[in-house]
Structure formats: C-alpha cells, structure tokens
Amino acid sequence: MQPLDDKKIGLLKEKAHDIRVSIIEMLVSAGSGHSAGPLGMADIFSALYFHILKHDPKVPTWPGRDRLVVSNGHICPVLYAAMAHSGYFPVSELLTLRKFGSRLQGHPHRDFLPMLETSSGPLGSGLSQAVGMALADRLDRGKDSGRFFYCVMSDGELDEGQSWEAVLLAGKEKLGNLIAIVDRNNIQIDGFTEDVMPLGSVAHKFESFGWHVEEIDGHNFEAIVESVGRAQAVFDGPSVIVARTIPGKGVSYMERDFKWHGNPPGTAIPGEPDPKEQAKIALHDLRTLDGQIEHE
Amino acid sequence: MTKDLHLNPKLFDKDVEKNATRTGFGHGLVLAGDKNADVVALCADLTESTQMHFFRDKFPARFFEMGVAEQNMASVASGMSAMGKIPFIASYAMFSPGRNWEQIRTTICYNNRHVIIAGSHAGVSVGPDGGSHQALEDIALARVLPRMTVISPCDAIEARKAVLASVDMEGPVYIRLARNKTPVMTTNETPFEIGKAQMFYDSSFPQGRPVGIIATGPLLHKALKVAEQLKKEKISVQVWNFATIKPLDEKALVEIAKNCGAIVTVEEHQIAGGLGSAVSECLAQNFPVPIEFIGVRDQFGQSGTPEELIEHYGLGESNIAEAIKKVISRK
Ligand SMILES: Cc1ncc(C[n+]2csc(CCOP(=O)(O)OP(=O)(O)O)c2C)c(N)n1
Ligand SMILES: [Mg+2]
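Here the protein sequences come in this chain order: L and A.
When we follow our numbering, the leftmost residue of the first sequence carries the number 56, and every step to the right adds one.
When we follow our numbering, the leftmost residue of the second sequence carries the number 6, and every step to the right adds one.
If you want it as structure tokens, here you go:
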C-alpha cells in the first residue's frame with residue numbers, strides 16, 4: 056500500500072463526496088433502499104477502492120486481487136457507487152438500482168453482477184465466507200500470498216451468533232491475511248444498538264478472541280489507511296478495524312438517526328423535512344460540506 | 006361468489022380495499038394479547054416491518070427485542086412456552102423459519118411447544134429488496150416439520166383471524182405473511198377455521214365440469230379475477246381458498262378432484278414443496294386428476310416492482326388463465 060500524502064487525501068475526499076452524491080441520486084431514482092449505512096461508509100469505501108485494495112476494475116476477476124466481502128449487503132449503494140466511480144461499470148448505470156433487470160440488485164447478487172465476491176443481504180454470514188477464502192488462500196499459497204481478505208460488516212449483524220462463530224474460528228486459525236472492518240455506527244433497524252441489543256465494547260470482544268484490534272474515526276482518511284497498514288503488518292492473527300462512523304454522514308437530517316436506516320430521501324417520516332424537499336436538502340448539504348469538514 | 010361466506014362485495018371492483026396480511030397479523034396480535042395474558046411477542050430487529058409494534062406499544066412488558074438473532078429467538082420462545090407462555094416470534098420468512106429452521110425443528114417442534122412463527126415478506130412481491138429477501142421456500146420448510154400447522158392467509162382480515170385461532174391451538178404454528186397491500190376479499194363475518202378449505206367462487210355452467218383452482222395467500226385474488234373473466238368464455242371454474250396448507254383439508258380436496266376432474270394450484274412459492282406438492286401428494290394417493298401448477302419454478306427472485314415480478318415468474322392472471330385451459334385439454 057502506498058503512503059498517503061495530502062494530494063491523495065484530497066482525492067479520497069473528492070471520491071467520497073462523489074460516492075455520497077451518487078448514493079442520494081440512486082436512492083431517489085429507486086424510491087426505496089438504505090441511506091444511513093451507505094452514507095456513513097462512503098469514506099471507508101473511497102479509501103478501499105481508491106487506495107487500499109489491490110484490484111483492477113478493468114479486469115475484475117484478476118486472480119491476484121484482494122478480496123472484499125461485503126457482509127452487510129443492504130449498504131450496497133455505497134459499494135455500487137464506489138465500484139462505478141473506480142471504473143467497474145458506467146456511473147450512469149447506478150440509476151438502475153433496484154429496478155427490474157438491473158445488475159444492481161436491491162441486495163448484491165452475483166447472478167446479476169458476477170464481479171462481486173459474494174451475494175449478501177441476510178446478515179451475519181459474510182465474515183464466515185471471508186474466513187473460508189482466507190483459509191483456502193493460505194492452503195494454496197502459504198501465509199505470505201501478498202493479498203488480503205477484507206470483510207466489511209455492521210454492528211447490527213454482531214447480534215447474530217454466526218458472526219461470533221467466525222470470530223472464534225479466525226482467532227483459532229490465526230488468519231493474518233484477514234482484516235474485518237466493522238461499521239460501528241450504533242444504529243440498527245429498531246433503534247440504537249445499545250438499546251436493541253447492547254454490544255458494549257466491540258473492541259474488547261474481538262480482542263478476547265485473539266484478534267488484533269484498531270479503533271478509529273471512520274471518517275478520517277489517515278486513520279483508515281494507517282489502521283489498515285498496521286493490520287496488514289500483523290502476521291500472526293486476524294485484525295479488526297472498529298470504525299466509528301456517523302450514520303447518514305453528510306446529510307443534516309439523516310445523521311445519527313436510525314429512522315434513516317432503510318428509507319430513501321423522499322420518505323414521509325414525522326419530524327423530518329418535507330419528503331419533496333429531502334433530496335434537494337441532501338444534495339445541498341453534501342455540496343456545501345464538500346468533504347471539507349474533518350472529524351478528528 | 007359463495008353467499009354464506011360473506012365475502013367482500015367489492016371484491017372485483019377496481020378500488021377494492023387493500024391491506025397487507027402482515028398488518029392483519031399485527032392487529033390480530035394485539036387482540037390476542039388482550040384476550041390472553043400469556044401471549045408474549047419476540048422480534049428480531051424488525052418490529053415495524055413485521056407490524057409487531059402494535060403489540061409492543063400496547064404491552065411493552067410482554068414484548069422482547071431479540072436483536073438480529075433469529076436462531077436465539079426461536080429457542081428462547083421454546084423456553085418461554087415450556088413455562089406456559091404463548092410466544093409469537095416474528096421476522097422475515099427468509100430468516101424465520103429460514104435461518105433458524107433447525108432451532109424450530111428441535112427446540113420447538115421436537116419438544117411440541119406451542120410457539121407461533123410469523124414469517125413476513127414472503128414471496129416475490131417483496132419487490133425491490135431482491136431475491137435474497139424473497140422467501141419462496143418457507144411453506145416447504147414449515148410443512149415438512151412434524152406437528153407444524155401451516156397457515157397462509159389470503160388477506161389482512163384472514164390473517165387477523167389466523168392469529169386468534171392459532172392461540173387456541175396446540176403445538177407449533179407457522180403463519181405466512183406478505184409485505185404488500187393486497188385486495189381484501191373476506192369480511193369480519195367470513196367464517197375461519199384452521200384446516201378448513203372454503204369455496205369462494207363457483208361459475209359452473211350446466212354443461213361440463215368446472216376446473217378447480219386451489220389457491221393460497223393473496224394470489225387468490227388473481228385466481229378469482231381470472232375465474233370471473235373466463236365466465237365470458239363459458240369456462241366453468243371453482244376457486245378455493247386453502248388458507249391452511251397443513252393439515253390439508255383432504256376431504257374437501259378429494260371432493261374437488263371428483264367434482265372437477267382437473268385442478269390448478271396457485272401460490273407465490275416454489276412449486277417444489279409448496280401447496281402444489283401438498284395437493285399432488287394427497288390426490289396421487291386418493292384420486293389422481295390432471296394438475297397444473299402456478300408457482301415459482303426452481304428459481305430465485307430478484308429486484309423489481311411486485312407486479313413486474315409476479316408477471317416475470319409466471320404468477321399473473323394470464324398464466325392462471327393459460328393453466329386452466331391447459332388442464333382442461335388434459336382432462
Ligand atoms: C439474518 C437477517 N435478519 C434480519 C435482517 C433484516 N435487517 C436488515 S438490516 C438490519 C439491521 C442491521 O443493523 P446494521 O447492519 O447495523 O444497520 P445500519 O447500521 O447499516 O443501519 C436488519 C435487522 C437481515 N437482513 N438479515
Ligand atoms: Mg449499524
């Protein structure tokens with residue numbers, strides 16, 4: 056991985072901004088879908104697709120690529136937007152999200168978009184698949200195959216027992232090629248995670264299962280890239296990056312509000328702006344912030 | 006239309022009232038909670054989607070938020086049932102009874118616990134969320150379990166009645182629910198009994214025998230519309246509501262086979278393992294007749310509008326009409 060300089064940070068911010076704008080446009084065009092998670096993860100996806108991942112958008116199945124498993128499939132608007140902006144497919148295709156015949160299914164499906172590493176939507180099974188890939192890679196190519204297996208997952212899906220079954224196994228197998236990134240945004244559908252099912256310290260839990268743990272501000276590009284760098288350097292066990300993010304990041308009325316988990320701009324929700332104005336406000340918010348505000 | 010069933014007289018109107026079966030479930034659960042203090046409700050982070058929030062708001066102490074943990078939810082319900090509670094557990098059908106099938110099998114069915122499993126968002130009519138969320142296998146999963154009662158209500162009113170009736174049952178019950186608002190075909194006065202099929206419509210002409218349509222769930226409305234349209238072509242059709250898939254009303258079914266001599270089954274589910282299979286299993290043994298199946302043919306769902314998907318997967322009115330004509334030619 057290249058070191059980050061100011062110029063690159065500027066580019067990552069710009070791409071994150073473009074990704075967020077695309078997310079709003081896609082959701083408005085679809086008329087349904089998830090807002091909060093995708094907006095909150097835009098900085099991490101910008102860092103992944105424009106800096107961290109070893110990949111070739113023109114040859115998506117290049118065997119030497121890193122693998123990215125997106126376990127929380129409902130955040131696919133950010134995945135699709137990052138893929139489009141990095142050249143996997145035309146940005147214009149983003150507006151087909153969730154429509155009949157689109158490659159961009161409501162939750163990622165490899166039948167329609169074979170360049171995805173996996174299909175997802177049902178929560179809690181992504182980490183197991185990433186563990187399987189990482190184990191197979193170690194079997195074939197030894198410990199130092201030079202590629203990494205990333206798994207993006209959510210805090211909500213840590214409620215699932217299977218998540219912890221995979222955490223146990225990865226610890227047992229000392230999978231140094233595995234890097235999980237947990238979107239610790241503190242929301243799920245029914246409310247704040249600590250009300251629905253308190254997770255307490257995600258970091259301590261992973262640590263006690265033998266994982267190397269990084270806790271970062273998921274909107275700080277230096278923190279994102281440096282933590283991945285340290286995780287890559289840990290050879291004798293799996294790493295998790297607990298990324299604190301703001302759900303709905305960049306859109307004033309959505310930030311930190313679980314009601315925007317699964318609703319697109321244009322939804323009538325008590326206490327929220329007029330549905331007809333929501334898309335306009337969202338795009339205006341994104342433009343004026345323009346990625347310039349830092350959350351240190 | 007069958008008179009003594011008190012069906013909705015506006016059934017065939019363009020502006021027929023629509024409501025989601027999941028909403029009927031939500032209202033029914035509140036009524037059940039009122040009637041019986043042992044009724045408790047458990048949900049896996051989908052409280053509004055499954056419409057359990059009505060119950061949560063009225064009986065907060067008897068509502069338990071499980072988080073996204075369907076397997077745990079099933080077995081916790083089993084434990085509560087062991088202590089005399091009557092637990093309802095709710096999620097999307099894909100995850101309950103999908104993900105937690107073995108927990109349901111062992112901790113609920115094997116123990117013969119009176120737990121009611123409400124699976125919402127069944128069928129392709131879930132729409133834009135796509136195939137990962139469209140349960141097309143849940144009837145099969147539930148039906149195959151010993152002791153399980155399987156109910157697939159045709160509308161919101163019937164769903165409400167199914168909830169109340171299942172409280173008075175014994176053993177495990179699965180209630181299949183849908184996300185979308187669909188036509189209300191029954192009324193408060195329509196009788197409902199678990200295990201009893203009902204003939205909603207009969208256009209039998211004096212000449213020739215009718216085709217028997219065996220339908221379950223909201224697609225029943227499409228079957229009724231087709232039957233009404235085919236009247237113009239003087240094709241006789243009987244339309245039956247099989248809200249209970251298990252125990253199957255075998256007595257009624259064999260009678261239908263004898264009277265009609267040809268059957269079309271209609272469901273928003275895989276043909277394999279669903280209502281069509283149940284009907285075939287019964288008739289193959291008791292009174293074999295030609296059967297055509299309306300259902301999903303070994304495929305996964307995908308994103309689209311509910312109507313687009315109903316058409317794409319061959320579950321629409323034109324498909325039902327074709328199946329009727331085909332089965333007549335096979336008589
Ligand atoms: C196994 C399973 N159960 C339930 C769901 C329904 N569901 C979709 S997202 C979600 C909430 C999960 O919380 P999180 O991923 O943290 O949401 P976010 O922070 O992205 O809003 C639930 C329960 C699902 N997709 N999969
Ligand atoms: Mg979350």
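In this text, a Cβ means the ideal position worked out from N, Cα and C, and glycines have one as well.
Note that this is a predicted model, so its numbers are computed, not measured.
What L/Asp214 touches in chain A, judged by beta-carbon distance under 9 Å, is Ala49, Asp50, Met71, Gly72, Val73, Ala74, Asn77, going in chain order.
DSSP places L/Lys63 in the helix class (H, G or I) of the three-state scheme.
Secondary structure note for L/Leu233: its beta strand (DSSP E) is the uninterrupted segment 233 to 239. The straight-line gap separating the alpha-carbon atoms of A/Met190 and A/Ala248 is approximately 13 Å. When the beta-carbon positions are compared, L/Leu182 and L/Cys206 come within less than 8 Å of each other. When C-beta atoms of the segment 137 to 157 of chain A are compared with those of the segment 108 to 125 of chain A, three or more pairs fall below 8 Å, so the two segments count as touching. Taking 8 Å as the cut-off, the beta carbon of A/Val216 is found no closer than this to the beta carbon of A/Glu322.
Boundaries of the beta strand (DSSP E) around A/Asn246: 242 to 246. DSSP, reduced to helix, strand and coil, places A/Asp39 within a helical segment of the structure shown. Under the three-state reduction of DSSP output, A/Ile121 falls in the strand class. Taking C-beta atoms as the reference points, A/Phe197 and A/Glu163 count as a pair closer than 8 Å. At a cut-off of 7 Å, the beta-carbon of A/Val73 counts as near ligand 1: some heavy atom of the ligand is closer than that. Taking all protein chains in view, the Cβ of A/Arg148 is crowded by 16 or more other Cβ atoms within 10 Å, so the residue is classified as buried. Taking A/Gln212 as the centre and dropping the five residues before and after it, the same chain places no C-beta closer than 6 Å to its C-beta. Here DSSP, grouped into helix, strand and coil, assigns A/Cys159 to coil. Taking the CA atoms as reference points, L/Pro58 sits about 17 Å from L/Arg202.
Only exposed fits A/Arg302, as fewer than 16 other CB atoms lie within 10 angstroms of its CB. For A/Arg110, the CB contacts under 6 Å within the same chain, skipping 5 residues up- and downstream, are Leu150 in chain order. Exclusion of the five residues before and after L/Leu254 leaves Asp210, Leu213, Thr248 as the residues of its chain whose Cβ lies within less than 7 Å of its Cβ. Cβ proximity to chain L below 8 Å picks out Gly309, Thr310, Glu313, Leu314, His317 from the segment 309 to 336 of chain A.
For L/Tyr104, the closest of L/Leu67, L/Arg285, L/Gly226 by C-alpha to C-alpha distance is L/Leu67. The beta carbon of L/His267 sits closer than 6 Å to the beta carbons of Val289, Gly292, Ser294 from its chain, once the five residues preceding and following it are set aside; these are given in chain order. By the 16-neighbour rule on beta-carbons within 10 angstroms, L/Lys70 is buried. One Cα belongs to L/Pro115, the other to L/Ser174, and the distance between them is close to 16 Å.
A distance of 8 Å or more separates the beta carbons of A/Val73 and L/Gln217.
Looking at the backbone, the Cα of A/Leu10 and that of L/Val76 are separated by about 54 Å. At least one heavy atom of ligand 2 lies closer than 7 Å to the C-beta of L/Thr248. Closest in C-alpha terms to L/Glu172, from the list L/Ser157, L/Leu134, L/Ser147, comes L/Leu134. Residues of chain A with a Cβ closer than 9 Å to the Cβ of L/His164 are, in chain order, Gly135, Gly136, Ser137, Phe305, Gln307, Ser308. Contact between the segment 49 to 59 of chain A and the segment 95 to 102 of chain A is established, with three or more Cβ pairs separated by less than 8 Å. Counting other Cβ atoms within 10 Å of its Cβ, L/Ala97 reaches 16 or more and is therefore classed as buried.
According to DSSP, residue pairing for L/Ile271 in a beta bridge involves L/Ala298.
One residue after another in chain order, those with a Cβ under 7 Å from a heavy atom of ligand 2 are L/Gly92, L/Ser209, L/Asp210, L/Gly211, L/Asp238, L/Asn240, L/Asn241, L/Ile242, L/Gln243, L/Thr248, L/Pro302. Here the alpha carbon of L/Pro302 sits roughly 27 Å from the alpha carbon of L/Ser157. The criterion of a C-beta distance shorter than 8 Å is not satisfied by L/Ile279 and L/Ala286. Nearest CB-CB separation between L/Pro330 and chain A: not below the 8 Å threshold.
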